[in-house]
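Asks: I have a structure I would like to understand better, so I am pasting it below and will then ask my questions one at a time.
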Amino acid sequence: MSPWPSLDRGDDLRLALALAADDRDDAGDDAPRDLDPTEALAQVVDRYAARLYDYAHALLRDQEAAAAALHDAFLQAYAHAGVLREPVRFRSWLYALVRNECLRRRAAPDFPTERREAPEVEDVFLDAPERAQRFELRRLVHGALTALRGTEREALDLLLRHGLEAAEVGAVLGMDARQAADLTSAARQRLDDALAAALVAREGREACPQAAELVEGEDDGPLPPATARRLLRHISHCATCTELRYRRVSTVRLLQVLPVALLPSELPTRVMATATAPGRAHLRADAARRAEPFDEAGWPVPAARAHKRGGHRPAPRLLPAVAAAGGLLLIVTGAFALTPLGPDGRTGAVPKSSGAPRDPSSSPSSGDPSSSPSDESSPSESPSPEPSATPTAPTPSPSSTSPTPSPSARPSRRSPTPRGTPTGRLAVQDCTIPEGQLSCPVSVSAVGGPVTWSVTGTSGGLSASGGGRLAAGATASVTVSRPENCPPGSHSGSVSFAPSGSATVTWTCPAQEPPDDGGSQAGAQEAAARP
Numbered sequence: 001m002s003p004w005p006s007l008d009r010g011d012d013l014r015l016a017l018a019l020a021a022d023d024r025d026d027a028g029d030d031a032p033r034d035l036d037p038t039e040a041l042a043q044v045v046d047r048y049a050a051r052l053y054d055y056a057h058a059l060l061r062d063q064e065a066a067a068a069a070l071h072d073a074f075l076q077a078y079a080h081a082g083v084l085r086e087p088v089r090f091r092s093w094l095y096a097l098v099r100n101e102c103l104r105r106r107a108a109p110d111f112p113t114e115r116r117e118a119p120e121v122e123d124v125f126l127d128a129p130e131r132a133q134r135f136e137l138r139r140l141v142h143g144a145l146t147a148l149r150g151t152e153r154e155a156l157d158l159l160l161r162h163g164l165e166a167a168e169v170g171a172v173l174g175m176d177a178r179q180a181a182d183l184t185s186a187a188r189q190r191l192d193d194a195l196a197a198a199l200v201a202r203e204g205r206e207a208c209p210q211a212a213e214l215v216e217g218e219d220d221g222p223l224p225p226a227t228a229r230r231l232l233r234h235i236s237h238c239a240t241c242t243e244l245r246y247r248r249v250s251t252v253r254l255l256q257v258l259p260v261a262l263l264p265s266e267l268p269t270r271v272m273a274t275a276t277a278p279g280r281a282h283l284r285a286d287a288a289r290r291a292e293p294f295d296e297a298g299w300p301v302p303a304a305r306a307h308k309r310g311g312h313r314p315a316p317r318l319l320p321a322v323a324a325a326g327g328l329l330l331i332v333t334g335a336f337a338l339t340p341l342g343p344d345g346r347t348g349a350v351p352k353s354s355g356a357p358r359d360p361s362s363s364p365s366s367g368d369p370s371s372s373p374s375d376e377s378s379p380s381e382s383p384s385p386e387p388s389a390t391p392t393a394p395t396p397s398p399s400s401t402s403p404t405p406s407p408s409a410r411p412s413r414r415s416p417t418p419r420g421t422p423t424g425r426l427a428v429q430d431c432t433i434p435e436g437q438l439s440c441p442v443s444v445s446a447v448g449g450p451v452t453w454s455v456t457g458t459s460g461g462l463s464a465s466g467g468g469r470l471a472a473g474a475t476a477s478v479t480v481s482r483p484e485n486c487p488p489g490s491h492s493g494s495v496s497f498a499p500s501g502s503a504t505v506t507w508t509c510p511a512q513e514p515p516d517d518g519g520s521q522a523g524a525q526e527a528a529a530r531p
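According to UniProt numbering, the residues represented by the sequence shown are 1 to 531, in order.
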């Protein structure tokens, strides 16, 4: 269950094709004709800005830096949509662009050490007791998250809060589908166990004397790892604690109590102004250049790897702050605080100075409730960054220029030379609906290599849907249906496919028989009686 509205993947594909219409050789016939690239960008921003901003803020923990990173990531999508070989993966591609831009900014020497976190999206319908309950649940979740590594937290954030599938999570994090499935499964189990231990430690002391004995002397903060392991072993053999665990713990629902960073209201306007104003071509070009290089499938090469190729220093390794008593990672109030650990682009917790918690009824998003204040650790392999009041890259003022649609002002693209297994083309066959029937099958085939395909539109009153991935030489079919009631005569329509192709469908509707009446029956009898 995501904090944001669910999105239709068919719309994602439609927007990806429209965004790349000027740059893809194979998108011209299938890109939506009613949507130019600038209009497509506006819709992408409208659909994705809030959730992508929350993700960027989780990576950077600074509202201005997150806004600047997302601003440039949208410009990069606008500039480079044509290089994505599989537009059906547009959603996770956007997240990968945002992640890369955030990691680049974290690695910059002028990344600010003093950060100002964004306000959270507030639920105005909560009363004081409900706010207090939410605050306590956040304490529980924060304590459980200390049991996970940074990459596990990020994977669960993408999977459970942002609604990506495991394979999409892997694409964002730079791993294959099997690795992503293993990572998300293991992380989900570790978080389930950690939540169970934290819940039993908090609520099971009165119901179970053995559980109370195991956590004796522990405060309300995160359990030490050894104590948590002993408590989990106890839960597995205790009917009372097991019942409590499965009656109260729902990982997905508990994660929804975590804060959602509030999108700056002016950011969408600022993105569109930069994307369309002729005087800001240099900003578009700078943002587009920072997204490079892309691999043969059109995915951005992880920032740390790109820096190594270009001879730049790798992202700094950040040491997690350690609580003096228990050796536990501090967790900030936000959902997942994530920063690069090293050249492989993996992530770790970013501790942040956090004073004593305020009244939960007035500020449920106040400082970390589980530990005393602790300064943020400094990079151990690079000079400490100097504080900076501005983001790494300049961003325009939202009031300086109003959006002026100008698709021709988009930055040029440099598509990488395809390597490896070639992508095939989609071949489609027309069909005719037999008289008296309502549908016929349209065959689709992959020629010259594998093809990821989908139905993108119909005309003439036809209806059809479908999609998938075909191996080279494989064939599938799509059932196309005509309107049940149609005027007499011959008719035709079409079904459009991505990445290319259109099938023509024809059918004939018979003329209706005239109604029988008495006169016609008499005439027929008279005609039959003639010699």
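Beta carbons: idealized from backbone N, C-alpha and C, even for Gly.
Are the CB atoms of residue 238 and residue 210 within a distance shorter than 9 Å?
Replies: Yes, they are a contact pair.
Asks: Please report the residue range of the alpha helix (DSSP H) in which residue 202 lies.
Replies: Start and end: 177 to 203.
Asks: Rounded to the nearest angstrom, how far is the Cβ of residue 84 from that of residue 16, given a contact under 8 Å?
Replies: Contact holds; Cβ gap of about 7 Å.
Asks: For the ligand SAM, is there any heavy atom lying closer than 8 Å to the beta carbon of residue 54?
Replies: You won't find the ligand SAM in this model; it holds no ligand whatsoever.
Asks: Could you please give me the residues that DSSP links to residue 497 through a beta bridge?
Replies: Beta-bridge pairing links residue 497 to 455.
Asks: So residue 56 and residue 69 are supposed to be a Cβ contact under 8 Å. How far apart are they, rounded?
Replies: Right, their Cβ atoms sit about 5 Å apart.
Asks: Can you find the residues in the same chain that come closer than 6 Å, C-beta to C-beta, to residue 474, ignoring five residues on each side of it along the sequence?
Replies: These residues qualify, in order along the chain: 446.
Asks: Below 8 Å, how does it come out for the region 136 to 151 and the region 91 to 108: are there three or more Cβ pairs, yes or no?
Replies: Touching, no.
Asks: Might you give, ordered along the chain, the residues of its own chain that have their beta carbon closer than 6 Å to the beta carbon of residue 429, omitting 5 neighbours on each side?
Replies: The answer, listed in chain order, is 443.
Asks: Does the distance from the C-beta atom of residue 452 to that of residue 480 stay below 9 Å?
Replies: No, the pair does not count as a contact, with Cβ atoms beyond the cut-off.
Asks: On a Cα-Cα basis, can you pick out the residue from 253, 128 and 115 that is closest to residue 160?
Replies: For the residues 253, 128 and 115, the minimum Cα distance to residue 160 belongs to 253.
Asks: If you follow the beta strand (DSSP E) that residue 507 is part of, which residue opens it and which one closes it?
Replies: It spans 502 to 509 - the beta strand (DSSP E) in which residue 507 sits, taken as one unbroken run.
Asks: For the structure I just gave you, are there three or more beta carbon pairs, one from the region 280 to 289 and one from the region 70 to 84, closer than 8 Å?
Replies: The region 280 to 289 vs the region 70 to 84: in contact.
Asks: Specify, as a first and last residue, the run of the alpha helix (DSSP H) that residue 143 falls within.
Replies: Note, residue 143: alpha helix (DSSP H), 128 to 145.
Asks: My assumption, with CB atoms under 8 Å, is that residue 136 sits in contact with residue 63. Please give the rounded CB distance.
Replies: The pair is not a contact, with the Cβ atoms about 26 Å apart (cut-off 8 Å).
Asks: CB-CB under 8 Å to residue 232, same chain, minus the five flanking residues each way: which ones, in chain order?
Replies: So the qualifying residues of the chain are 193, 196 and 197.
Asks: Could you give the DSSP three-state label for residue 476: helix, strand or coil?
Replies: It is a strand residue.
Asks: With H, G and I counted as helix, E and B as strand and the rest as coil, what does DSSP make of residue 61?
Replies: It is coil, neither helix nor strand.
Asks: Assuming residue 267 contacts residue 119 under a Cβ cut-off of 8 Å, what Cβ separation, rounded to an integer in Å, is found between them?
Replies: Not really, about 14 Å apart at Cβ, beyond 8 Å.
Asks: Looking only at DSSP bridge pairs, what is residue 447 linked to?
Replies: According to DSSP, which records beta bridges pairwise, residue 447 is partnered with 425.
Asks: Where does residue 310 fall in DSSP's three states?
Replies: With a pLDDT of 46 at residue 310, under the threshold of 50, the modelled position of that residue is not reliable, and the figure given next carries that caveat. Residue 310 falls in the helix class under three-state DSSP.
Asks: Can you find the residues in the same chain that come closer than 6 Å, C-beta to C-beta, to residue 469, ignoring five residues on each side of it along the sequence?
Replies: Excluding positions up to five away in sequence, the list reads 452.
Asks: Below 8 Å on the Cβ atoms is my guess for residue 152 versus residue 187; work out the distance and round it to an integer in Å.
Replies: With 8 Å as the limit, residue 152 and residue 187 qualify as a contact, their Cβ atoms being about 4 Å apart.
Asks: Residue 484: which of 74, 439 and 472 sits nearest, CA to CA?
Replies: Nearest C-alpha to residue 484: 439.
Asks: List the residues that DSSP assigns as beta-bridge partners of residue 120.
Replies: Answer is 261.
Asks: How would you call residue 234, buried or exposed, if buried means at least 16 neighbouring beta carbons within 10 angstroms?
Replies: By the neighbour-count rule (16 or more Cβ atoms within 10 Å), residue 234 is buried.
Asks: What is the rounded straight-line gap between the Cα of residue 270 and the Cα of residue 244?
Replies: Approximately 50 Å, taken between the alpha carbons.
Asks: Considering only residues of the same chain and omitting the five flanking positions on each side of residue 435, which have a CB-CB separation below 6 Å?
Replies: Same-chain partners within the cutoff: 508.
Asks: Please list, in chain order, all residues of the same chain as residue 506 whose beta carbon is under 6 Å from its beta carbon, the five residues on each side excluded.
Replies: Correct list, in chain order: 432 and 492.
Asks: Below 9 Å between beta carbons: does that hold for residue 212 and residue 204?
Replies: Contact: yes.
Asks: If you follow the alpha helix (DSSP H) that residue 251 is part of, which residue opens it and which one closes it?
Replies: Per DSSP, residue 251 belongs to the alpha helix (DSSP H) from 251 to 255.
Asks: Between the C-alpha atoms of residue 149 and residue 283, what's the straight-line distance to the nearest angstrom?
Replies: Taking the straight line joining both Cα atoms gives about 36 Å.
Asks: Going by C-alpha to C-alpha distance, which of 45, 478 and 103 sits closest to residue 65?
Replies: Measuring from the Cα of residue 65, the nearest candidate turns out to be 103.
Asks: According to the neighbour-count rule (16 or more other Cβ atoms, all chains shown, within 10 Å of its Cβ), is residue 21 buried or exposed?
Replies: Answer is buried; the Cβ neighbour count reaches 16.
Asks: Quick one: what does DSSP say residue 159 is sitting in, helix, strand or coil?
Replies: Three-state DSSP puts residue 159 in a helix.
Asks: When we look at the beta-carbon of residue 124 and count the other beta-carbons within 10 Å, is it buried (16 or more) or exposed?
Replies: Classification of residue 124: exposed, given that the 10 Å Cβ count is below 16.
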